[in-house]
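Protein chains in written order, with our numbering: chain Z, 1 to 108; chain B, 1 to 236; chain W, 1 to 147.
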Amino acid sequence: MKMGIQRFSQEKASIAKIKKDGKLVVEGANLKRNEYGHPLFADFFFFITGFHGFHVFSGVLINIIIFFNVVIGTYERRKSYEMVEKVGLYWHFVDLVWVFVFTFFYLV
Amino acid sequence: METTVATTASQGGVWGGGNQPLRASYGKMMMWFFIVSDALTFSGFLAAYGFSRFKFVDAWPIADEVFTHFPFLHGVPAPMFYVAFMTFILIFSSVTMVLAVDAGHKMKQSKVAMYMFLTIIGGAIFVGSQAWEWATFIKGEYGAVETKGGKILQFLDTEGNRVAIGSFAESMHTTATVHEPSNGIWFMSGNDQTSYNFEEVKAGFLANDNLLIRTQYLDENGHPTVLSREGFYCKN
Amino acid sequence: MGHHEHSLAIFRGRLKFKSIEQKIWGVFIFLSIITIVEVIFGIIKPQSLMVPFMSSFEGGFMATMANIFLSPFIFMKPLNLIFIVLTIVKAYYITWDFMHMRDETKALRRMVVWTAIFLICYLILILLVEGDYIFEVYKNNYVKFDF
Numbered sequence: 001m002k003m004g005i006q007r008f009s010q011e012k013a014s015i016a017k018i019k020k021d022g023k024l025v026v027e028g029a030n031l032k033r034n035e036y037g038h039p040l041f042a043d044f045f046f047f048i049t050g051f052h053g054f055h056v057f058s059g060v061l062i063n064i065i066i067f068f069n070v071v072i073g074t075y076e077r078r079k080s081y082e083m084v085e086k087v088g089l090y091w092h093f094v095d096l097v098w099v100f101v102f103t104f105f106y107l108v
Numbered sequence: 001m002e003t004t005v006a007t008t009a010s011q012g013g014v015w016g017g018g019n020q021p022l023r024a025s026y027g028k029m030m031m032w033f034f035i036v037s038d039a040l041t042f043s044g045f046l047a048a049y050g051f052s053r054f055k056f057v058d059a060w061p062i063a064d065e066v067f068t069h070f071p072f073l074h075g076v077p078a079p080m081f082y083v084a085f086m087t088f089i090l091i092f093s094s095v096t097m098v099l100a101v102d103a104g105h106k107m108k109q110s111k112v113a114m115y116m117f118l119t120i121i122g123g124a125i126f127v128g129s130q131a132w133e134w135a136t137f138i139k140g141e142y143g144a145v146e147t148k149g150g151k152i153l154q155f156l157d158t159e160g161n162r163v164a165i166g167s168f169a170e171s172m173h174t175t176a177t178v179h180e181p182s183n184g185i186w187f188m189s190g191n192d193q194t195s196y197n198f199e200e201v202k203a204g205f206l207a208n209d210n211l212l213i214r215t216q217y218l219d220e221n222g223h224p225t226v227l228s229r230e231g232f233y234c235k236n
Numbered sequence: 001m002g003h004h005e006h007s008l009a010i011f012r013g014r015l016k017f018k019s020i021e022q023k024i025w026g027v028f029i030f031l032s033i034i035t036i037v038e039v040i041f042g043i044i045k046p047q048s049l050m051v052p053f054m055s056s057f058e059g060g061f062m063a064t065m066a067n068i069f070l071s072p073f074i075f076m077k078p079l080n081l082i083f084i085v086l087t088i089v090k091a092y093y094i095t096w097d098f099m100h101m102r103d104e105t106k107a108l109r110r111m112v113v114w115t116a117i118f119l120i121c122y123l124i125l126i127l128l129v130e131g132d133y134i135f136e137v138y139k140n141n142y143v144k145f146d147f
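Encoded structure:
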């Protein structure tokens with residue numbers, strides 16, 4: 001037992017680490033493990049940018065609906081473009097969220 | 001009174017709900033309330049991210065070393081450029097959106113349509129960029145080894161550059177097959193199939209004297225700790 | 001909604017625009033400059049901004065109070081502090097000029113902004129304090145995690 005520990009501590013740090021602790025190969029990233037580091041890093045990356053991306057995607061769909069309403073003259077007949085304004089608020093909010101995601105995921 | 005969609009409401013007078021003390025229509029105020037609630041949802045997620053990051057503050061990946069890719073620039077490290085590009089796209093589509101709103105105030109139909117169209121294009125480019133970034137992130141570049149404790153070990157050359165596992169792993173022809181529901185116990189799953197298995201990477205690492213291991217723990221300068229090949233490893 | 005007047009000035013009236021379109025483009029240029037500055041700092045990461053401005057005070061109640069009030073300067077890297085301040089500046093101009101918060105009534109503005117700011121600050125404070133506590137527990141206990 002004593003000899004074992006002694007022999008072990010004589011080995012070089014890198015080699016000892018991979019021999020003693022190494023278990024499997026990781027390529028890329030998924031929700032369980034990723035090659036970049038802590039699994040939570042990839043989990044939060046997928047979750048938060050995914051949720052934001054979903055917001056952008058919904059925003060694009062809503063914008064397309066409003067675009068066609070504008071083109072066929074719905075708001076001209078209504079004499080008010082307030083719908084564009086409401087969708088605009090949503091779209092700016094999505095931009096606002098990205099400003100924070102950008103800072104806390106990529107800068108800080 | 002103002003021209004609003006709900007013209008019937010404004011005819012109701014003060015007691016009929018037609019009064020607008022905040023000078024905002026029902027629909028617009030509800031949009032603001034939705035935005036507040038959605039902002040709180042996002043804050044919850046970001047605060048949870050901050051919580052986890054503070055919990056493992058000495059072992060968190062450095063974003064600059066993860067997001068270094070730019071489309072069509074293979075192998076050229078371009079940290080941050082792609083996200084900066086995405087940010088500009090989104091800010092620009094915000095500008096076209098607010099120009100559409102302004103054109104709407106002036107009742108210029110064709111201008112609203114044009115600006116809405118540009119906004120949609122910007123949003124589509126952003127979502128597409130996001131998808132590309134996810135694909136790059138999922139694919140990975142260098143590969144790594146996971147330890148028994150679930151920690152990640154990455155490989156460096158002696159100059160400190162990252163080395164891909166594919167460039168040094170010694171291929172051994174093993175007979176190991178992937179554990180899939182069809183050939184094993186259906187409710188258990190094996191590990192993902194990787195292009196090299198751990199034994200091959202280990203053999204390649206031991207055979208190459210100019211390779212080092214980097215752990216995910218950061219030293220006092222904020223750089224990941226690099227384990228040497230010469231020094232002694234003290235097991236504690 | 002409103003055909004009431006749009007405010008055409010930003011920076012507390014120091015910069016006035018002739019029309020609403022010009023104000024939008026002006027704000028866009030301002031936001032772009034901030035983003036470019038952020039990206040440049042993010043790539044260069046100047047060494048001088050990577051260590052906190054001050055070290056924490058030791059001993060006594062007043063030292064603890066000083067540590068709490070000056071915590072952004074004692075416990076944060078100046079670079080991260082700059083990023084967060086610039087982000088809040090960007091958020092302010094997006095909300096005030098793109099979402100026309102500047103033109104809303106004071107009551108609506110406070111209803112939206114104060115509520116959100118208060119709840120978000122509270123949430124961030126408790127979660128970050130808790131995360132830091134768990135980090136200390138992991139670091140100082142007798143169980144080994146790096147294997």
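Where is the CB? At the ideal position from N, CA and C, for every residue including glycine. None of these values were measured; they are calculated from a predicted model.
Two segments are said to touch when three or more pairs of C-beta atoms, one from each, lie closer than 8 Å; by this definition the segment 79-88 of chain B touches the segment 56-71 of chain B. Residues of chain B with a Cβ closer than 9 Å to the Cβ of Leu40/Z are, in chain order, Tyr49, Ser52, Arg53, Lys55, Phe56, Trp60.
Within the model, the alpha-carbon separation for Met111/W versus Ala113/B is close to 32 Å. Of the residues Ala169/B, Phe56/B, Leu40/B, Phe85/B, the one whose Cα lies closest to the Cα of Ser129/B is Phe85/B. DSSP places Asn34/Z within a strand segment (E or B) once states are collapsed to three. Against chain W, a Cβ distance below 7 Å from Thr103/Z picks out Phe83, Ile84, Thr87. Residue pairing by DSSP places Ala9/W opposite Lys16/W in a beta bridge. In this structure, DSSP gives Val83/B a helical state, which the three-state scheme calls helix. Distance from the CA atom of Ala131/B to the CA atom of Gly60/W, rounded to whole angstroms, is 53 Å. With respect to the 9 Å criterion, Glu76/Z and Gly27/B are not classified as neighbours on the basis of their beta carbons. Beyond the five residues adjoining it in sequence on each side, Leu99/B comes within less than 7 Å, by CB distance, of Tyr115 in the same chain, given in chain order. Interface residue (Cβ-Cβ distance to chain B less than 9 Å): Trp25/W is classified as such. The alpha carbon of Gly88/Z has as its nearest neighbour, out of Ile40/W, His100/W, Lys144/W, the alpha carbon of His100/W. At a cut-off of 9 Å between C-beta atoms, Gly149/B counts as an interface residue with respect to chain Z. Taking a contact as a CB-CB distance under 8 Å, the pair Val226/B and Leu212/B counts as one, their CB atoms being some 6 Å apart.
Within the segment 95-128 of chain W, contact with chain Z at the beta-carbon level (separation under 9 Å) is assigned to Thr95, Phe98, Met99, His100. Under the three-state reduction of DSSP output, Gly149/B falls in the coil class, being neither helix nor strand. The Cβ-Cβ distance between Leu153/B and Ile18/Z falls below 9 Å.
Neighbours of Leu89/Z in chain W, taken as residues whose beta carbon is under 8 Å from its own, are Met99 in chain order.
For Gln216/B, no alpha helix (DSSP H) run applies; the uninterrupted beta strand (DSSP E) run containing it begins and ends at 211-218, by DSSP. With 16 or more other Cβ atoms inside 10 Å of its own Cβ, Thr119/B counts as buried.
For Lys23/Z, the uninterrupted beta strand (DSSP E) run begins and ends at 22-26, by DSSP.
If you compare the alpha carbons of Leu79/W, Ile43/W, Phe98/W with that of Leu31/W, the shortest gap goes to Phe98/W. At a cut-off of 9 Å between beta-carbon atoms, Thr87/B makes contact with chain W. By the criterion of a C-beta distance shorter than 8 Å, Asp43/Z is surrounded in its chain by Leu31, once the five residues flanking it on both sides are discounted. Judged by DSSP secondary structure, Thr115/W falls within the alpha helix (DSSP H) whose first and last residues are 106-140. For Thr87/W, the enclosing alpha helix (DSSP H) stretches over residues 78-93. Annotation: Pro72/W is outside any beta strand (DSSP E); the continuous alpha helix (DSSP H) that includes it extends over 71-74. Residue pairing by DSSP places Leu46/B in no beta bridge whatsoever.
Its chain contains Phe168, Ala169, Glu170 as the residues whose beta carbon lies nearer than 6 Å to that of Gly204/B, once the 5 sequence neighbours on both sides are disregarded; these appear in chain order.
Taking a cut-off of 8 Å on C-beta distances, the segment 32-39 of chain Z does not touch the segment 47-60 of chain Z, as fewer than three cross pairs fall below it. Here the alpha carbon of Leu156/B sits roughly 20 Å from the alpha carbon of Thr194/B. In the DSSP assignment, Pro224/B falls within the beta strand (DSSP E) that extends over 224-227. For the segment 30-47 of chain W, the set of residues with a beta-carbon nearer than 9 Å to any beta-carbon of chain B comprises Leu31, Ser32, Thr35, Ile36, Glu38, Val39, Gly42, Ile43, Lys45, in chain order. The criterion of a C-beta distance shorter than 9 Å is not satisfied by Arg53/B and Ile15/Z. Scanning chain B for C-beta atoms nearer than 7 Å to the C-beta of Phe75/W yields nothing, as the closest lies near 11 Å away.
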